[in-house]
Amino acid sequence: MRRMLLCGLAVVAISGQVVRGQGLEWVNAALPERAYDFGTVARGSQIRHAFPLVNRTDQEIRIVDWRTKCGCTDVKVGAKVVPPGTQTTIEATIDTSKFLGYKPSGLTVIFDKPSFVEVELNLTCFIRGDIVTSPGQLDFGTVRRSEKMPSTSLTITYAGSVAGWEVTKMKTQTAKVKAELRDLGRSAEGYSMYSLAATLQPNVENGFFKDEVTLLTNDPNMPAIPISVVANVQSAVAVTPSIINFGGVKAGQSITKTVLVRSSQPFSITRMTAEDGGLQSSESAEGAKPAHQVTLTFKAPEQAGPYHSVLTIETDMKDEPAAKLKTFATVVP
2 MRRMLLCGLA VVAISGQVVR GQGLEWVNAA LPERAYDFGT VARGSQIRHA
52 FPLVNRTDQE IRIVDWRTKC GCTDVKVGAK VVPPGTQTTI EATIDTSKFL
102 GYKPSGLTVI FDKPSFVEVE LNLTCFIRGD IVTSPGQLDF GTVRRSEKMP
152 STSLTITYAG SVAGWEVTKM KTQTAKVKAE LRDLGRSAEG YSMYSLAATL
202 QPNVENGFFK DEVTLLTNDP NMPAIPISVV ANVQSAVAVT PSIINFGGVK
252 AGQSITKTVL VRSSQPFSIT RMTAEDGGLQ SSESAEGAKP AHQVTLTFKA
302 PEQAGPYHSV LTIETDMKDE PAAKLKTFAT VVP
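Per our numbering, the very first residue in the sequence shown carries number 2; after that it's consecutive.
Right, here's the structure in full:
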């Protein structure tokens, strides 16, 4: 018995460098990235990174819990249950306002499907105390679509020793946010100060949005300052529920479910299109109204395995992107 126990502990110790548990073959494919280094960042900044989680198995992947390695780290999981052939993200945000120098952090994610396993996702950064951002990121909060998109701003203060320190250039990751930098001169203490303002653009997608503004400086020790941009853009048209799981369906069998498409003002559904012909949709009653009942009928194909399709719902609401409804099923013999 003792010999068997020692062998078991040895296996756990070896696999503990990355993950802990049994049946670990799927982990490397599902989580190809398990460590990220932010490099040098400004104190006060909210730095975030999203680890992709891709289900390449024929079973669902389920997250049951997670724990952070530091109280400065916040975690957002896109979906706890990930059906076969789909993906989500595990996003971690570090608040750098209370630390200086090298800072390791991260989290441990606990799965119970396809097998029980604990996976460590590690984050590192070096926090500069002579550059401070207030607040730590450009956060728009919850945004409802309108003709005038919202703006937000923050202040950058430099208290370092580089003579004539300045921001020489600015760039954004995408064209979905417009940024403007303004030189505020010097503070009462003689520190260089800048104001950074950002405005969301109409082409931003619905849902959780993130971008990054990079400020390039003439400091050779910190030539780039990353600034996170986040928003939760809410659609004028919502589908409830937003995800349909038909569950296990026998080959050739049909199953029907109903969803509600609604808005704060009357509208008409102009078109509904599914990625796959096995998914059919119909509206209970046409015409302009605040809520529409849509019936979905899924006929399972003859081939067994995971199934997923997206239903696109277009409306007559001006400048409103089409609503998306994700559907999943497992076709059984």
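Backbone N, C-alpha and C fix where the C-beta goes; we use that ideal spot for every residue, glycine too.
All values reported here derive from a predicted model rather than from experimental measurement.
Taking buried to mean at least 16 other C-beta atoms within 10 Å of its own C-beta, is residue i buried or exposed?
| i | result |
| --- | --- |
| LYS170 | exposed |
| GLY186 | exposed |
| THR97 | buried |
| PRO53 | exposed |
| TYR1 | The shown model of the chain, from 2 to 334, leaves out residue 1, and the question about it has no answer. |
| SER236 | buried |
| ASN222 | exposed |
| ASP113 | exposed |
| ASN207 | buried |
| ARG129 | buried |
Going by Cα to Cα distance, which pick from the options is closest to residue i?
| i | options | result |
| --- | --- | --- |
| THR173 | ALA252, VAL231 and PHE39 | VAL231 |
| ALA275 | SER188, GLN88, LYS327 and THR87 | LYS327 |
| GLY137 | MET223, GLN47, ASP59 and VAL163 | GLN47 |
| LYS149 | VAL118, ALA51, LYS114 and VAL205 | VAL205 |
| HIS293 | ALA176, VAL262 and HIS309 | VAL262 |
| SER229 | TYR103, PRO221 and THR153 | THR153 |
| VAL69 | LEU182, VAL260, PRO151 and GLU119 | Before going on, a small fix: residue 69 reads as Thr here, not Val. The candidate whose alpha carbon is nearest that of THR69 is GLU119. |
| THR175 | LYS114, VAL214 and CYS71 | VAL214 |
| ASP277 | SER310, GLU321, GLN88 and ALA180 | SER310 |
| PHE209 | LEU216, GLY253, THR74 and THR89 | THR89 |
| GLY165 | VAL55, TYR192, CYS73 and ALA305 | TYR192 |
| LEU32 | GLY130, THR87 and GLU303 | THR87 |
| CYS71 | LYS290, ASP220, LEU216 and THR94 | THR94 |
Since I believe residue j is in contact with residue i (beta carbons under 8 Å), could you give me their beta-carbon distance rounded to a whole number of angstroms?
| i | j | result |
| --- | --- | --- |
| VAL333 | GLY249 | 5 Å |
| ASP212 | LYS177 | 6 Å |
| ILE132 | ARG49 | Between ARG49 and ILE132 the Cβ distance is about 18 Å, and since that is not below 8 Å, they are no contact. |
Does the structure place the region 140-150 close enough to the region 118-127 that three or more beta carbon pairs sit under 8 Å? No, the region 118-127 does not touch the region 140-150.
Kindly confirm or deny that the region 152-166 and the region 189-200 touch, where touching means at least three C-beta pairs closer than 8 Å. Enough Cβ pairs lie closer than 8 Å, so yes.
Please confirm if the region 301-321 is in contact with the region 264-281, defined as three or more CB-CB distances below 8 Å between the two stretches. Counting C-beta pairs with one atom in each stretch, the region 301-321 and the region 264-281 have three or more that are closer than 8 Å, which means they touch.
For the structure I just gave you, are there three or more beta carbon pairs, one from the region 292-303 and one from the region 71-84, closer than 8 Å? No, they do not touch.
Taking only runs that begin and end inside the region 64-141, name each unbroken beta strand (DSSP E) of 3 or more residues, in chain order. For the region 64-141, whole beta strand (DSSP E) runs of length 3 or above, ordered along the chain, are 74-78, 88-96, 102-114 and 118-135.
Could you tell me whether the region 101-109 touches the region 23-33, where touching means 3 or more Cβ pairs closer than 8 Å? When C-beta atoms of the region 101-109 are compared with those of the region 23-33, fewer than three pairs fall below 8 Å, so the two segments do not count as touching.
Return the chain-ordered ranges of every alpha helix (DSSP H) run that is complete within the region 186-216 and spans a minimum of 4 residues. Runs of the alpha helix (DSSP H) inside the region 186-216: none found.
Could you name each continuous beta strand (DSSP E) segment of 3 residues or more that falls completely within the region 19-58, going from the start of the chain to the end? Fully enclosed beta strand (DSSP E) runs of no fewer than 3 residues occupy 20-22, 36-44 and 47-55 of the region 19-58, in order along the chain.
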